[in-house]
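In the order they appear, the protein sequences are chains A and B. If you read the first sequence in our numbering, its first letter stands for residue 7, the second for the next number, and so on. If you read the second sequence in our numbering, its first letter stands for residue 7, the second for the next number, and so on. In this text, a Cβ means the ideal position worked out from N, Cα and C, and glycines have one as well. None of the values given here were measured: they were computed from a predicted structure.
2 protein chains.
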Amino acid sequence: MAPWGKRLAGLRGVLLDISGVLYDSGAGGGTAIAGSVEAVARLKRSRLKVRFCTNESQKSRAELVGQLRRLGFDISEEEVTAPAPAACQILKERGLRPYLLIHDGVRSEFDQIDTSSPNCVVIADAGESFSYQNVNNAFQVLMELENPVLISLGKGRYYKETSGLMLDVGPYMKALEYACGIKAEVVGKPSPEFFKSALQAIGVEAHQAQ
Amino acid sequence: MAPWGKRLAGLRGVLLDISGVLYDSGAGGGTAIAGSVEAVARLKRSRLKVRFCTNESQKSRAELVGQLRRLGFDISEEEVTAPAPAACQILKERGLRPYLLIHDGVRSEFDQIDTSSPNCVVIADAGESFSYQNVNNAFQVLMELENPVLISLGKGRYYKETSGLMLDVGPYMKALEYACGIKAEVVGKPSPEFFKSALQAIGVEAHQAQ
């Protein structure tokens, strides 16, 4: 691997993950990972552009940023690329009205979205809201559509909380894919479009970013 | 296709499905499908051996047979091949102690099974018991095992109730497979072993059965 000086030569921007990189989520707002508050501060003082790029889909950006600021991070809502706003843009562009299989914490991101007579399903990390009834409702909506559209905010398998491992959105996305014989459209990491939109927001090309 | 006389020539036994063939499940015990009560009676009066072969995993055999008898069917518990007893045999043979992600209605089938310190998961059509908490418990059990074993009673996508389409065990099996990066062992249809055990019970070879 090239030495750091050389690797950083053409670098203009940095994308930072949040959960598991800046902080560990959990009861009471989670905890900052050692050194990360200062690392973000130093990056922001440097000539590099910084963008936060997360698959967090249990909380709205407002809630997430509030939590991080309380932990000492210099971060604002406008600096965050998250899957819910990206999904909203897709819904508007394609005239889609979703049944929302999501956590109540992220529902405010969809305030401007028409959810009457659903013609698609949006699934996110819903946690306890992944009840049989709710998952079955989403399934029934999909089965009644001629061209079922399932939009998944990420496809993570699981994440770690202070209380233990927790099922993420991916397993439930797979459940609906199998039940309906369809393939979900993933919005969020690892979708290249998602990273591109984060880079566009800071005006940096992929080869100039880390 | 050969005429019936010829096709029936070497026939010695018949395997009959139950749900969707003999009756439709639903509120109030379901309803017999037209002609099926009499068809079973006629088969039993014939020289053919009859065995009922079901993937029903929400009810114990006792409950299922009780329901069918109330609808007029000539059927007894001993004539039914079902996945729960087949799974119990596997658990005993391999010294497995399951975490049971199942419907309360079928729990009695596992009365003789040691469920302390689970070293595997058995998943069945659990209906409302597929809460996030329960599915996550099963996931955590599997993730703590060096060699995670997931036994699934069938892998059906969905079934029809009078109230609409309902998610079956298959989608939840897929969810756990994806979350843990494993492959489930399916007990029940369409596993060849399951059909073989049904045929063995009536002493009939595969080529002699319909």
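At least 8 Å separates the beta-carbon of A:Val-175 from that of A:Ile-157. About 6 Å separates the beta carbons of B:Tyr-164 and A:Ala-185, which is inside the 8 Å limit, making them a contact pair. A:Pro-104 is bridged by DSSP to A:Cys-126. By the Cβ-count criterion, A:Gly-41 is exposed, with fewer than 16 other Cβ atoms from all chains shown falling within 10 Å of its own Cβ. Annotation: the continuous alpha helix (DSSP H) that includes B:Lys-180 extends over 175-186. Listed by position along chain B, the residues whose Cβ is nearer than 7 Å to that of A:Val-141 are Leu-173. Shown here for A:Asp-23: same chain residues with a beta carbon closer than 7 Å to its own, the five before and five after excluded, namely Cys-59, Thr-60 in chain order.
DSSP places B:Arg-163 outside both helix and strand once states are collapsed to three, so it counts as coil.
With the criterion set as a beta carbon lying under 9 Å from some beta carbon of chain A, the stretch 62-93 of chain B has no members that meet it. The C-beta of A:Pro-104 comes no closer than 8 Å to any C-beta of chain B. Contact fails between the stretch 28-47 of chain B and the stretch 194-203 of chain B, because fewer than three Cβ pairs, one in each stretch, are under 8 Å apart.
Nearest Cα to B:Asn-142 within the set A:Phe-136, A:Gln-146, A:Asn-142, A:Phe-145: A:Phe-136. Under the 10 Å beta carbon count, A:Leu-28 is surrounded by 16 or more other beta carbons and is classified as buried.
Spatial neighbours of A:Ile-208 in its own chain (CB-CB distance under 7 Å, excluding positions within 5 residues in sequence) are listed in chain order as Gly-19, Lys-55, Arg-57. For the options B:Tyr-105, B:Leu-182, B:Met-179, B:Ser-66, the alpha carbon positioned closest to that of B:Asp-120 is the one of B:Tyr-105. For the pair A:Glu-99 and A:Gly-16, the Cα-to-Cα distance works out to about 35 Å. Nearest CB-CB separation between B:Ser-31 and chain A: not below the 8 Å threshold. For the pair B:Val-112 and B:Ala-90, the CB atoms are nearer than the 8 Å cut-off.
Within chain A, no C-beta atom comes less than 7 Å from the C-beta of B:Glu-167; the nearest is roughly 10 Å away. Within its own chain, the residues whose Cβ lies closer than 7 Å to the Cβ of A:Ala-88, once the five positions on either side in sequence are excluded, are Thr-60, Glu-62, Arg-67, listed in chain order. Chain A places a beta carbon closer than 8 Å to that of B:Glu-134, counting this residue as a contact. Taking 8 Å as the upper bound on Cβ-Cβ separation, chain B lies near residues Phe-145, Gln-146, Met-149 of the stretch 144-157 of chain A. Not a single C-beta of chain B is nearer than 8 Å to the C-beta of A:Gly-26. In the three-state DSSP reduction, B:Glu-152 falls in the coil class, being neither helix nor strand.
By the rule that beta-carbons nearer than 8 Å mark a contact, B:Leu-182 touches chain A.
DSSP, read as helix, strand or coil, puts A:Asp-110 in helix.
Of the candidates B:Lys-12, B:Leu-159, B:Ile-96, B:Leu-148, the residue whose Cα lies closest to the Cα of B:Ile-108 is B:Leu-159. Under the 10 Å beta carbon count, A:Asp-117 is surrounded by fewer than 16 other beta carbons and is classified as exposed. At a cut-off of 8 Å, the C-beta of A:Ser-137 has a neighbouring C-beta in chain B. Closest in C-alpha terms to A:Pro-124, from the list A:Leu-151, A:Lys-65, A:Glu-115, comes A:Leu-151.
Taken in chain order, the complete beta strand (DSSP E) segments of 3 residues or longer contained in the stretch 10-80 of chain A are 19-22, 55-59. The C-beta distance from B:Ile-96 to B:Val-193 rounds to 7 Å, short enough to meet the 8 Å contact threshold.
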